[in-house]
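Each remark here refers to the structure printed beneath this line.
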Amino acid sequence: MLRSELWEMVVAMVLWGMLLPFCLSQTTSPSQDGKIKFRLAGYPRKHNEGRIEVFYNEEWGTICDDDFTLANAHVLCRHLGFVEALSWSHSAKYGPGSGKIWLDNVICGGSENSIEKCVSRGWGNSDCTHQEDAGVICKDERLPGFAESNIIEMQVDEKRMEKIRLRPLKGAHAGRLPVTEGVVEVKFKEGWGHICNTGWTIKNSRVVCGMMGFPSQRSVGKKPSSLKSAYHIHSVACTGNEAHLSACTMEFSRANSSAPCPGGGAVVVSCVPGPLFTQGRARKVKLNSVSQVRLKGGARAGEGRVEVLKGSEWGTVCDDQWNLQSANVVCRELGFGTAKEALTRARMGQGMGPIYMNEVQCGGDEKSLWDCPHKSITAEDCKHMEDASVICNIPYMGFEKLIRMIGGRTDHEGRLEVQISSRWGTICSDNWTTREAMVACRQLGLKYCLHAITETWYWDSSNVTEMVMSGVKCKGDEMTLTDCQHHSVVSCKRAGAQFSAGVICSDTASDLVLNAPLVEQTVYIEDRPLHLLYCAAEENCLSKSAAQASWPYGHRRLLRFSSEIHNIGKADFRPRLGRHSWVWHECHRHYHSMDIFTYYDLLSLNGTKVADGHKASFCLEDTECHEGVSKRYECANFGEQGITVGCWDLYRHDIDCQWIDITDVTPGNYILQVIINPNFEVAESDFTNNAMRCNCKYDGHRVWLHKCHLGDSFSEEAEKEFEQYPGQLNNKIS
26 MLRSELWEMV VAMVLWGMLL PFCLSQTTSP SQDGKIKFRL AGYPRKHNEG RIEVFYNEEW
86 GTICDDDFTL ANAHVLCRHL GFVEALSWSH SAKYGPGSGK IWLDNVICGG SENSIEKCVS
146 RGWGNSDCTH QEDAGVICKD ERLPGFAESN IIEMQVDEKR MEKIRLRPLK GAHAGRLPVT
206 EGVVEVKFKE GWGHICNTGW TIKNSRVVCG MMGFPSQRSV GKKPSSLKSA YHIHSVACTG
266 NEAHLSACTM EFSRANSSAP CPGGGAVVVS CVPGPLFTQG RARKVKLNSV SQVRLKGGAR
326 AGEGRVEVLK GSEWGTVCDD QWNLQSANVV CRELGFGTAK EALTRARMGQ GMGPIYMNEV
386 QCGGDEKSLW DCPHKSITAE DCKHMEDASV ICNIPYMGFE KLIRMIGGRT DHEGRLEVQI
446 SSRWGTICSD NWTTREAMVA CRQLGLKYCL HAITETWYWD SSNVTEMVMS GVKCKGDEMT
506 LTDCQHHSVV SCKRAGAQFS AGVICSDTAS DLVLNAPLVE QTVYIEDRPL HLLYCAAEEN
566 CLSKSAAQAS WPYGHRRLLR FSSEIHNIGK ADFRPRLGRH SWVWHECHRH YHSMDIFTYY
626 DLLSLNGTKV ADGHKASFCL EDTECHEGVS KRYECANFGE QGITVGCWDL YRHDIDCQWI
686 DITDVTPGNY ILQVIINPNF EVAESDFTNN AMRCNCKYDG HRVWLHKCHL GDSFSEEAEK
746 EFEQYPGQLN NKIS
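In this note's numbering, the protein residues as written are 26 to 759.
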């Protein structure tokens, strides 16, 4: 009996010793208001990795790496919307954080649905420094229904600085935009302060100019500014490749110190603007046409999917290892500042064609993205759903102050007014199209155009002003409406507020492209009997000479091919008109949701049209989709028509009107041209890729296509060679 009691006592003591550390710890208590947020920070990093930061009690802080495990990382990655963690990091691998160290000695089982359910020392109870900040690497796969976040940005510690600006120096250029020269001012919670010019270098200026949207800086030589104000930062040391001044090493001035700098004054920098942002008319200069990098699909200047030129063809960049340093090189190469954000997972839409680069790892001072270490691509490495994108810092130009919207139901729509020679007024809607509306939305800072409005009678007109602009004609890539062609003297056919121009803007837009190789692979000639062409004739799908044919005897010679139209944008492609306006065609027994969806043209080598065809958008639907994308549109039984993002519509070669009637065309060398959405009826993020062209050789019996490509997929030099191409060199006519 005594031996049994002694054994129980020993067991109890052992158990108490094992449990004692856990008793001294505690389960993390719930947040006071339930508003706990998580983010990944650090530099450099990818969108699915970084220093883990927690927002608790209205303040961002970090987690110490003491006792950290993969199970902890699993819980935190799920907080961030990823399915699980791949690994974790210790000792501030992504750089030391700032502020509170909110959690320490965190121990999770891995299945908890919240970090609050894990054991820890409690909120704010830590014996760590920020050199022990923990990081996580999450599996790049999102939880279903979790809002996707694939942005890598420079997260600024607001305790160090909130904003930076250039205050222009007094002089002849003081009132002009952009401000290229001025005193560097830093905003803190207590107001704006300055940086001492002690030890200031051209590398520091490079970082500041990059933040202001400028690709480079002028050499130091400006007289320091003597200002009677607080100097919050005593000195700064940058490498020159940082995306933000807050990433540089800093020595802060003593609190509440207003003493002047030892060196005499505040920092002054002078920046060199890129070609789009120089003064006056020079701003309209096109970016360097020999550049080997470009941005596609973005709503504004300085943003888009990164595409690089290799040989004579443009291709995309895979987002593996994509970070701010590499994005900085792209932005500066194009005449912008440093990168504001590096984006992954085709945030600006998927590209077409080759993927040239993977795991790009720039130092930051390279002249071109091609100079950065990178890997070549194999088909297994990357897909276009991994295309990399950037948003660059651009200079502030004040364009949004020269345009406004009135009368709309939301802040994304309304009748337009512009300021011309200090007068505000409306715009004539004669020939107002989607391309003009795209420029207006861009100038307003509202991204893409959804609809161009030519009749605004249903919006409030009680405060409508006079008409000050007419004859507006834009290419679509201008930054302001005044950059577009317009009348020098207002002339409008339909005067009155109800016929002034309006817009409905959107955060996203579709983008249609044609599968060019499929056209080349499926082309052939068919001699089709007239008695099978009555319905096609009714829809005007034959050339004019068909009207004089001996119906139903004889035939027409048709150039046939398949069209596969992909939506690679970020919004579904929908017909402009609703179902109530679709037209029923009894002969073919289908609805046309757009009168003209595609033009088919056969051109001579000098560009003269020798034959043409067209296709209305009958049965516009999702034929197939990429893996993981569900079909949404099916036109059967008067269903909705459209093309979902990530899907495509296939018009097979053997359906009516999928042809050009070449009965009257003589043998020779030609150019086949196909244009989708030719009248810009439906808004897209990019209209430059809507055309496809091929070299075409017709010998009177057979046809060959060669070099089929999208209109923007070749270099300018290759496109010129294509236009001068004398015909396909193989399959020669004897």
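For each residue, glycine too, the CB sits at the ideal point set by N, CA and C. As the structure is a computational prediction, the values presented were derived from the model and not from experiment.
What are the uninterrupted segments assigned as alpha helix (DSSP H) that are 4 or more residues long and contained completely in the region 509-590, given in chain order?
541-547, 559-563
Same chain, Cβ closer than 7 Å to His-580, five either side skipped, listed in chain order:
For this step, residue 580 is matched to residue 555 along the sequence shown. So the list reads Asp-552, Arg-553, Pro-554, Leu-555, once near-sequence residues are dropped.
Nearest neighbour of Gly-265, chosen from Val-232, Thr-274, Ala-477 [CA to CA]:
Locating residue 265 in the sequence shown gives position 240, counting from the first residue. Gly-265 has its Cα closest to that of Val-232, out of Val-232, Thr-274, Ala-477.
One or two residues paired with Trp-113 in a DSSP bridge
Residue mapping note: residue 113 aligns to position 88 of the sequence shown, counting from 1. Answer by DSSP bridge pairing, in chain order: Val-161.
Determine whether the beta carbon atoms of Val-131 and Asn-97 lie at a separation below 8 Å.
The count along the sequence shown starts at 1 and reaches residue 131 at position 106. The count along the sequence shown starts at 1 and reaches residue 97 at position 72. Cβ distance < 8 Å, so Val-131 and Asn-97 count as in contact.
Thr-459 - containing alpha helix (DSSP H), residue span:
If you number the sequence shown from 1, residue 459 lands on position 434. Where Thr-459 is concerned, the enclosing alpha helix (DSSP H) stretches over 459-469.
Using only CA atoms, which one of Val-493, Met-494, Asp-508 lies nearest to Lys-500?
Working through the sequence shown from its first residue, we reach residue 500 at position 475. Taking only the C-alpha atoms, the option nearest Lys-500 is Asp-508.
Identity of the residues DSSP links to Trp-729 by a beta bridge:
Your numbering for residue 729 matches position 704 in the sequence shown. Trp-729 has Lys-722 as its beta-bridge partners, per DSSP.
Taking Cβ to Cβ, would you say Cys-153 is nearer than 8 Å to Glu-74?
Position 128 of the sequence shown, counted from the first residue, corresponds to residue 153. Position 49 of the sequence shown, counted from the first residue, corresponds to residue 74. It is not a contact, given that the beta carbons lie outside the stated cut-off.
Out of Gly-388, Leu-202, Gly-200, Val-209, which has the shortest C-alpha to C-alpha gap to Ile-189?
Residue mapping note: residue 189 aligns to position 164 of the sequence shown, counting from 1. Taking only the C-alpha atoms, the option nearest Ile-189 is Val-209.
Endpoints, beta strand (DSSP E) assigned at Gln-350
The sequence position of residue 350 within the sequence shown is 325, counting from 1. Note, Gln-350: premise wrong, no beta strand (DSSP E); alpha helix (DSSP H) at 349-358.
Return the Cβ separation of Gln-350 and Gly-389 in integer angstroms, given the expectation that the two are a contact with Cβ distance under 8 Å.
Against the sequence shown, residue 350 aligns to sequence position 325. Against the sequence shown, residue 389 aligns to sequence position 364. Rounded, the Cβ-Cβ distance is 4 Å, consistent with contact.
Counting C-beta neighbours from all protein chains within 10 Å, is the total for Pro-577 16 or more, i.e. buried, or is it exposed?
For the purposes of this step, residue 577 is taken as residue 552 along the sequence shown, with counting starting at 1. When all chains shown are included, Pro-577 counts as exposed.
I'd like to know if the region 664-676 and the region 585-602 are in contact, where contact means that at least 3 CB-CB pairs between them fall below 8 Å.
yes
Using the three-state DSSP reduction, which class does Val-232 fall into: helix, strand or coil?
The count along the sequence shown starts at 1 and reaches residue 232 at position 207. Note: Val-232 maps to helix in three-state DSSP.
Can you tell me whether Ser-454 is helix, strand or coil according to DSSP?
Here residue 454 corresponds to residue number 429 of the sequence shown, with the count starting at 1. Coil.
In the DSSP output, what is Gln-698 paired with across the bridge?
To locate residue 698, count along the sequence shown from 1; it is residue 673. Gln-698 pairs with Asp-626, Arg-718.
Please report how far the alpha carbon of Val-515 lies from the alpha carbon of Arg-429, in whole angstroms.
Indexing the sequence shown from 1 puts residue 515 at position 490. Indexing the sequence shown from 1 puts residue 429 at position 404. Near 19 Å, if we compare the C-alpha coordinates of Arg-429 and Val-515.
Buried/exposed call for Thr-341, threshold 16 Cβ in 10 Å
As a first step, residue 341 must be located in the sequence shown, where it is residue number 316. Thr-341 is buried by the Cβ-count criterion.
Measure the C-alpha to C-alpha separation of Pro-193 and Val-293 and round it to an integer number of angstroms.
Residue mapping note: residue 193 aligns to position 168 of the sequence shown, counting from 1. Residue mapping note: residue 293 aligns to position 268 of the sequence shown, counting from 1. One C-alpha to the other measures close to 9 Å.
In this structure, does DSSP put Asn-266 in helix, strand or coil?
Indexing the sequence shown from 1 puts residue 266 at position 241. Correct three-state label for Asn-266: coil.
Tell me the rounded alpha-carbon separation between Cys-133 and Glu-157.
Taking the first residue of the sequence shown as position 1, residue 133 is located at position 108. Taking the first residue of the sequence shown as position 1, residue 157 is located at position 132. Roughly 18 Å separates the two Cα atoms.
Nearest neighbour of Ile-61, chosen from Glu-659, Arg-70, Tyr-723, Gly-86 [CA to CA]
Numbered from 1 along the sequence shown, position 36 holds the residue referred to as residue 61. Checking every option, the nearest Cα to that of Ile-61 belongs to Gly-86.
Is it buried or exposed for His-726, if we count other Cβ within 10 angstroms and need 16 for buried?
In the sequence shown, the residue the question calls residue 726 occupies position 701. His-726 comes out exposed.
Quick check on the DSSP output: the alpha helix (DSSP H) that includes Val-100 runs from which residue to which?
As a first step, residue 100 is located in the sequence shown; it is residue number 75 there, counting from the start. Unbroken alpha helix (DSSP H) run through Val-100: 95-104.
Please report how far the alpha carbon of Asp-714 lies from the alpha carbon of Asp-637, in whole angstroms.
For the purposes of this step, residue 714 is taken as the residue at position 689 of the sequence shown. For the purposes of this step, residue 637 is taken as the residue at position 612 of the sequence shown. Looking at the sequence itself, residue 714 is Asn, so the reference to Asp does not match. Computed Cα separation, rounded: 20 Å.
Outcome for Thr-623 when other beta-carbon atoms lying within 10 angstroms are tallied against a minimum of 16
Residue numbering aside, residue 623 sits at position 598 when the sequence shown is read from its first letter. So Thr-623 ends up on the buried side.
Taking the alpha carbon of Ala-367 as the point to measure from, which residue in Gly-378, Gly-360, Val-354, Pro-379 has its own alpha carbon closest?
In the sequence shown, the residue the question calls residue 367 occupies position 342. When each option's Cα is compared against that of Ala-367, the closest is Val-354.
Cα-Cα, which of Val-497, Gly-527, Pro-240, Thr-226 is closest to Val-261?
As a first step, residue 261 is located in the sequence shown; it is residue number 236 there, counting from the start. Among Val-497, Gly-527, Pro-240, Thr-226, the Cα nearest to that of Val-261 is on Thr-226.
Which listed residue (Gly-470, Ile-88, Ser-710, Tyr-658) has its alpha carbon closest to that of Thr-533:
Walking along the sequence shown from the start, residue 533 turns up at place 508. Measuring from the Cα of Thr-533, the nearest candidate turns out to be Ser-710.
DSSP state of Trp-607 mapped onto helix, strand, coil
Residue 607 sits at position 582 when you count from the first residue of the sequence shown. It is coil, neither helix nor strand.
Euclidean distance between Cα positions of Glu-746 and Ser-337:
As a first step, residue 746 is located in the sequence shown; it is residue number 721 there, counting from the start. As a first step, residue 337 is located in the sequence shown; it is residue number 312 there, counting from the start. Between Glu-746 and Ser-337, the C-alpha separation is close to 11 Å.
With distances taken between CB atoms, is the gap from Thr-451 to Ser-525 smaller than 8 Å?
Walking along the sequence shown from the start, residue 451 turns up at place 426. Walking along the sequence shown from the start, residue 525 turns up at place 500. Their beta carbons are under 8 Å apart, which means Thr-451 touches Ser-525 by this criterion.
Distance check for Phe-80 and Gln-57, CA to CA, integer angstroms please.
Numbered from 1 along the sequence shown, position 32 holds the residue referred to as residue 57. Numbered from 1 along the sequence shown, position 55 holds the residue referred to as residue 80. For Gln-57, the predicted model reports a pLDDT of 39, less than 50, meaning its position is unreliable and no value from the coordinates is stated.
Let me check understanding here. Comparing Cα to Cα, which of Tyr-119, Arg-370, Cys-343, Thr-363 lies closest to Ile-402?
What you label residue 402 is simply residue 377 of the sequence shown in a count that begins at 1. Closest option to Ile-402, Cα to Cα, is Cys-343.
With 16 other CB atoms within 10 Å as the buried threshold, where does Glu-742 fall?
Looking up residue 742 in the sequence shown gives position 717. By the neighbour-count rule (16 or more Cβ atoms within 10 Å), Glu-742 is not buried but exposed.
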